[in-house]
Every structure is written in C-alpha cells, then in structure tokens.
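Protein chains in written order, with my numbering: chain A, 1 to 215; chain B, 216 to 708.
For reference, the structure discussed in these notes is given below.
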Amino acid sequence: MSSRDLILARVRRAIADVPRDDTPYEQAFERGYLREHGSRDAGRTVDLLAENLADYRALVHRCTAGELAATIARLLAERGSASVAVPTGLPPEWLAATDVTQVPDSAADTPAELDRVDSVVTACAVAVAETGTIVLDGSPDQGRRRITLVPDHHICVVRVPDQVVSSVPRGLERLDPLRPLTWISGPSATSDIELDRVEGVHGPRTLEVVLVSGE
Amino acid sequence: MSGGTYLGMPAFPKAAHEAVRDTTLRGNLRHATHTIRAKRATAVAELSDWAELREAGKQIKDHTLRNLDTYLVQLEESVTAAGGTVHWAVDADEANRIVTRLVKATGESEVVKVKSMATQEIGLNEALEAEGIDAYETDLAELIVQLGKDRPSHILVPAIHRNRGEIRDIFAREMGEWGRPAPEGLTDTPAELADAARLHLREKFLRAKVGVSGANFMVAETGTLVVVESEGNGRMCLTLPETLISVVGIEKIVPTWQDLEVFLQTLPRSSTAERMNPYTSTWTGTTDEDGPRDFHLVLIDNGRTDTLADEVGRQALRCIRCSACLNVCPVYERAGGHAYGSVYPGPIGAILSPQLRGTGSEIDASLPYASSLCGACYDVCPVAIDIPEVLVHLRERVVQGGPVTREGARVVVKPAKGHAAERAAMRAARWAFSHPGALRTGQRLASRTRRFHPRTLPGPGRAWSETRSLPVVPAEPFRDWWQRTHGGKDTAK
Ligand code: SF4
Chain A
1 MSSRDLILAR VRRAIADVPR DDTPYEQAFE RGYLREHGSR DAGRTVDLLA ENLADYRALV
61 HRCTAGELAA TIARLLAERG SASVAVPTGL PPEWLAATDV TQVPDSAADT PAELDRVDSV
121 VTACAVAVAE TGTIVLDGSP DQGRRRITLV PDHHICVVRV PDQVVSSVPR GLERLDPLRP
181 LTWISGPSAT SDIELDRVEG VHGPRTLEVV LVSGE
Chain B
216 MSGGTYLGMP AFPKAAHEAV RDTTLRGNLR HATHTIRAKR ATAVAELSDW AELREAGKQI
276 KDHTLRNLDT YLVQLEESVT AAGGTVHWAV DADEANRIVT RLVKATGESE VVKVKSMATQ
336 EIGLNEALEA EGIDAYETDL AELIVQLGKD RPSHILVPAI HRNRGEIRDI FAREMGEWGR
396 PAPEGLTDTP AELADAARLH LREKFLRAKV GVSGANFMVA ETGTLVVVES EGNGRMCLTL
456 PETLISVVGI EKIVPTWQDL EVFLQTLPRS STAERMNPYT STWTGTTDED GPRDFHLVLI
516 DNGRTDTLAD EVGRQALRCI RCSACLNVCP VYERAGGHAY GSVYPGPIGA ILSPQLRGTG
576 SEIDASLPYA SSLCGACYDV CPVAIDIPEV LVHLRERVVQ GGPVTREGAR VVVKPAKGHA
636 AERAAMRAAR WAFSHPGALR TGQRLASRTR RFHPRTLPGP GRAWSETRSL PVVPAEPFRD
696 WWQRTHGGKD TAK
C-alpha cells in the first residue's frame, strides 16, 4: 500500500467512531462572528486604516491624485534613494516628477541585482482598516513578490476610499486565492531579543503608505 | 542545531527541577510570558465577537478533522491542479527521505528554512546534515538557537531563554563559522543584533536555490498554503528560491478560503498580541515567473492519525500553534520549554507529544503530570482545546493502560511499568511542593473546588488511591492562611 493510501486508511479508521456526518460544509456550523467591527462611513474607515498603519510604525501620507507624483518624488528624495524598482504596470505618471533611476521589474534580474536597488513603488490590491494591513496580489501595478521584499524602502499607494475595506473577512472576499498574496502590516519586525521590537530584519525597514484620494 | 528527537531526555520533573534553579532562565521567561500575556488580553478585547470567533474556529477544525480523508484528497487535487506535487509521509523517516531526495534532485547542497514546528518535529535539519546538506534557519530566534547549538524553548519565541548578552556572544563567536561573521565591536542592543542577523542571512537568501517551509494553513478548496510571520525571512524563503518544499502536518487543513477569515483574526492576536502580524504570504501552486518554479508539498502523519483515533485526545489536532497557552501556564513559566523534552513545549506539548509519540518513554509518561490543571490554558486557547481534560485522560492512560492506536493499529497498553507512573506523579508532586508558586496556584484551585473532590481519585488515580485515603483539601491553603494571619511576614515567594 502506498503511504498515501495508508494514511487515508488510518484516517478513516480513526474517525470510524464518529457517525458519518453528511451535513454539507455550508451547514456544518454557524459563523456567529461579525463581518466587521463597528460601523463607520468610508471616511472613518480610511482614518482607521491610517491610525492602525501608523500604530505599527508605517509612515502614512495623504494626498490627492494631482499631488501624487510630487509626493512620491519627495519621499524618494528625502530617503536619498538613487534607484527605484518599478512594476511593469505602474501608472507612469506616478513617477513623472522624480529623476531617480528606474529599474523595471524583470524576471531576468537576479535577487543580488535587486539587492542593489534602494526603493520600490507599488500599488496594492486591497487595504484592511481594522488591522492596518495592505495586501499585494502580484498584479502588474504591484509586480513580482520579491520587489517589495528585497529593497529596504517600500512606498505603497492605496487609492482611497475604494481600495479600503473594514475587516479581514471583507478583505478576503475581494481577493483571488489563486494569485500569490502578500499581506503587509507595518514594516518587517522582530521581537525575538528580550521581546524588544526592532524594525526590519529581512523585509523593508521602512514602509511608507500614500493614501491617495480623488480621480 | 535544533534537535528533533531529544533522545535521552530526562523526565519532566527532573528537567524542570534543573530549569527552575537557573535564575537567568526564570527571569527571562517571567518577563516574556507576562509581557505577551498582558498584551494579548488587550488585543483580544478589541474584538467584541471573540467568543464567536473562537467557537467558529473550533467548529471549523472539528468539522475538518471529522472529514479529514475527504479534505486531504481535495487538497491533493487542488495543489496538483495549481502546479504543485504532493507527497505523503507516514512518519518522520519517510518525510526526511522525501525531502532529502527532492533537495538532491536539484543538485544543491544547502537550503534556507522558514521556522517550522513540523520540520523540527521530524528532525529534518539533522537528517539533511547526515546527507551532506546544510539547512540554514532564517528566523532570528531560530538562528540564535542554531548558532548556539541549542534547542528552541518556546513555539513563538524559540530563543526566549537567552538574553541579549548571551545572544551577542553567540553571534560574535559563531557567525563566522557559518558564513558572514558578526561585525567588529558588536554590542548587545537588539537593533544591532538584528542588523548582524540581517547581513549574515542576506547572503544566504540571495544565493539560495531551495527553500524549505512549513505552513500555518492549507486550504483544501483552492490548494492555497499560508505562512504567517514577522521578519520577512519567510517571504525570502518562499519567493527567492527556484524550488520550494513545504512540510506540513495533515491536520493543518481548512476547507475553504473563507475559513481563513476566522484564523487570520484569532492567530495573530493570540500569538504576538498584534492586530495582524507584519507579513502573511499565501501561494497556490506555482505562478509563472513569480516565485519558485517547482513546488512540493510533503504531507506528514507521524502520529497524527493515532491522535485522531483518540476520542478525547483528538482535539489537540485543532491547535494552530499560537503559543498563548504557554504564556499563561504557571508550570511553563517556571520550568521553561526545554523541560518538556519535545518541540512542543507548555500545555499543548504536554498533551500533544505523548499522543504523537505514545506514552512509552519516561518523559512522555511524565508529561501529563506537567500541569497544575488550573485551566488557564483552556481559557486562552483560540480553538478552545480543553487541555486539562486531555491531561486527565492521558494520566488515566499512563496509570491504567488501555486501548490506544499506535501506527494505525489498535493495541492495548499496559499500565506504566513498575509503578513508573506513580513515580512520575510523585516526582512531579515533589517538584511542585518545592516550587511554591506553582503549588499555590494549584492549591487555590483545589480549595475553591473542594466540595467536588472525591475521596478516592477518579479514573487515573484509582489504582493508587484505593489503598490510601486522600487527604482532605483544606478550606484555605496553608500559605494563604499564613499570609492572611501573619500579614506579609512570609516573604518567601
Ligand atoms: S493549544 Fe490552543 S492556545 Fe495552545 S498553542 Fe495550540 S491553539 Fe494556541
């Protein structure tokens, strides 16, 4: 017998005492919990996202669509970045105001090459207010998973209010499980040494989130 | 290297006895567990529907376990459809053989690893090393443990028993042996230590061709795997290598994508007391030009189906490894994680290890006694595992023997030999008596529940108490009486 069949046979024998329960999954239990906590209008939901992001030491900025290019240019300049990784589908106008060297996301680049890039700018798929989380799903405006991982500085643009949901359940509803997803809540952090929180071990040490409204 | 089998481990009371004499360890543990405990309570209080989330988590897991065969087959189909390859391993040896073969097929002789209880449980690092393959732990705490040639002592913060000075010394001494040495003049500030780890590990990430991980959840419906982490080392291992091998226990399934909405709320808050952990990665098979080209899922049994066969004990398989039960346990706080002699320490370890491994060894027979039965572990558990109930059930098995399932076959175990169980219990009791804090907790509980105490012990202790009359539990523990009437003169803690 293959190990597969052996394990499945053992499972069946192990649960033989349980009356075979044919209740379909949908009716097998109740989801008595809330879809979201509290009721907020769209503006308050965005405020909550900003608060929770900041609470986890992300740097939060707000601007209008018209101010976005200037805001991104300013953040890259303040950081002193010489190069920025750019997802293939990022709206080109977002980087129209900066003269930092643009490194297009490419499968051919080695991780070591990416390691020499200072910053990365991406869009996101959805943001969860209650937890202060942005989610990337690898769409063309977000790029391959590694470009938001290896550079030390990540600028993520969230279109508010339409990309913001209240809660984890609402976030999962909007996401496609077949895409590779990265949920980010604040910058990389560790508390492994005497529980002192230190930002940035392997992921970007600085996370800047730009909440952009209008258009 | 982190150990998986802990052969020759002394039984719990002896190991605990040594641990409590270690004042550094006790200080570190106390600080850590109390800090996380207080933060967790705040994080949980933020969610008004915590009780409902906990109940849903329990029911989803129970439903999955009741239909585990169906969901395993469904998972296999969806992972395969998404471009992954599924392997099945009955025990640790088989799992290690499969992983070794997969690594060798890539032509590589090193792998980067995400912290994973399952690979520790099967002793994967040692198995790979025996075949000439270096496995690098990349979680900061696991790195500390690996460089210190030590063992993890906590599920979440495995190096909790080390303080910053010790960590500095380990880094300064050992990093050079494994790769990039620690910077000159390294101090013991956590930021500098984390930075040294970042530099040391980055060179490994950037050249790694093979990554090995576990998973927190597997979604049967979609074939999606989920890893929850903080540092980004998980993301590195999951996305930079060309080949990804994930080794996961068969109980880690949830039926649907939607079910994650429960656990992604309860796990971070129970575990690190955060609204959400910094990083969560999900992947479904392989994605063109984004992440590994080859994905292998190794499903391990290694005692899980035996555990599933136990009507009382099977609830331990609901565990999502949040570690909340460790942080509230008065026994864990004093004894530390190493005393439990397995990769699963604390209350969950006390019920999981003797089920996964059987109660044949002295350490496993003593684990069900590594508790004051105060019930705090049950109260915090986000999937409502009744740990005290399982502990009492396992004590009964140790003392009385009875039918159990081992390696898929029904067998009847004899009572532990030569009253070994009684000895284990007595040694545990002696340990408790010499450690007033743990004892006090147990006694207070005993006093409060006094009128429910039988004159002979139920089930587990019957054989022992038949020939002895049980002492009557006093209305008030002596220590409390002394404290009350001699107000503070008894300062010994
Ligand atoms: S038994 Fe419960 S509290 Fe303990 S680690 Fe598992 S899920 Fe967490």
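Every residue, glycine too, gets a C-beta built ideally from N, C-alpha and C.
Treat the numbers as computed from the prediction; the structure is a model and nothing was measured.
Check: Test: R450/B CB closer than 8 Å to a CB of chain A; Outcome: yes
Check: Closest by C-alpha distance to H369/B, when choosing among E346/B, A539/B, I578/B; Outcome: A539/B
Check: Sequence-distant residues of its chain with Cβ nearer than 7 Å to T98/A (five each side left out); Outcome: I72, A73, L76
Check: Proximity test, Cβ basis, 8 Å: V372/B and chain A; Outcome: yes
Check: V327/B and T353/B closer than 8 Å at C-beta; Outcome: yes
Check: Touch test, the segment 296 to 304 of chain B against the segment 422 to 434 of chain B, Cβ-Cβ under 8 Å, three pairs minimum; Outcome: no
Check: S2/A burial status per 10 Å Cβ neighbour count (16 or more: buried); Outcome: exposed
Check: Inter-residue Cα distance where the pair is P228/B and R610/B; Outcome: 15 Å
Check: Nearest-angstrom Cα separation, counted from A531/B out to K424/B; Outcome: 35 Å
Check: C-beta neighbour in chain A for W498/B, strict 8 Å; Outcome: yes
Check: Beta-carbon separation (whole angstroms), S496/B vs L453/B, contact threshold 8 Å; Outcome: 5 Å
Check: Any C-beta of chain A under 8 Å from that of K229/B; Outcome: no
Check: For L149/A, the three-state DSSP class (helix, strand or coil); Outcome: coil
Check: Rounded C-alpha distance that separates I147/A from F478/B; Outcome: 28 Å
Check: Buried versus exposed, by CB contacts within 10 Å (16 or more), Q27/A; Outcome: exposed
Check: Proximity test, P405/B beta-carbon vs the ligand SF4 heavy atom, cut-off 7 Å; Outcome: no
Check: Cutoff 8 Å: A397/B Cβ touching any chain A Cβ; Outcome: no
Check: Alpha helix (DSSP H) segment containing V360/B, residue limits; Outcome: 355 to 362
Check: Helix, strand or coil at K328/B according to DSSP, with G and I counted as helix; Outcome: strand
Check: Cutoff 8 Å: I7/A Cβ touching any chain B Cβ; Outcome: yes
Check: Residue closest to T499/B, alpha-carbon to alpha-carbon, out of A189/A, L175/A, R205/A; Outcome: L175/A
Check: Where E130/A meets chain B, residues with beta-carbon distance less than 8 Å; Outcome: R490
Check: Simplified DSSP state of Y33/A, which is helix, strand or coil; Outcome: coil
Check: A333/B: CB within 7 Å of a non-hydrogen atom of the ligand SF4; Outcome: no
Check: T502/B at chain A interface by Cβ criterion, 8 Å; Outcome: yes
Check: Closer than 8 Å to chain A by CB, E325/B; Outcome: no
Check: Simplified DSSP assignment, three categories, for M433/B; Outcome: strand
Check: Close Cβ partners of G633/B (< 8 Å) along its chain, the five nearest in sequence each way excluded; Outcome: Below a pLDDT of 50, predicted positions are generally treated as unreliable, and G633/B, at 49, falls in that range; no measurement from the model is reported.
Check: Proximal residues, the segment 430 to 458 of chain B versus chain A, C-beta separation under 7 Å; Outcome: V434, T437, T439, S445, E446, G447, N448, R450, M451, T454, L455
Check: Closer than 8 Å to chain B by CB, A28/A; Outcome: yes
Check: Simplified DSSP assignment, three categories, for R10/A; Outcome: helix
Check: heavy atom of the ligand SF4 below 7 Å from A247/B C-beta; Outcome: no
Check: Selection from W183/A, R205/A, D196/A that minimises the alpha carbon distance to A129/A; Outcome: W183/A
Check: Check whether Q480/B and L268/B have beta carbons under 8 Å apart; Outcome: yes
Check: Where Y584/B meets chain A, residues with beta-carbon distance less than 8 Å; Outcome: In chain order: nothing, as chain A lies at least about 26 Å away.
Check: heavy atom of the ligand SF4 below 7 Å from C724/B C-beta; Outcome: Summary: the structure shown does not reach residue 724/B, with chain B confined to residues 216 through 708, and so no result is reported for it.
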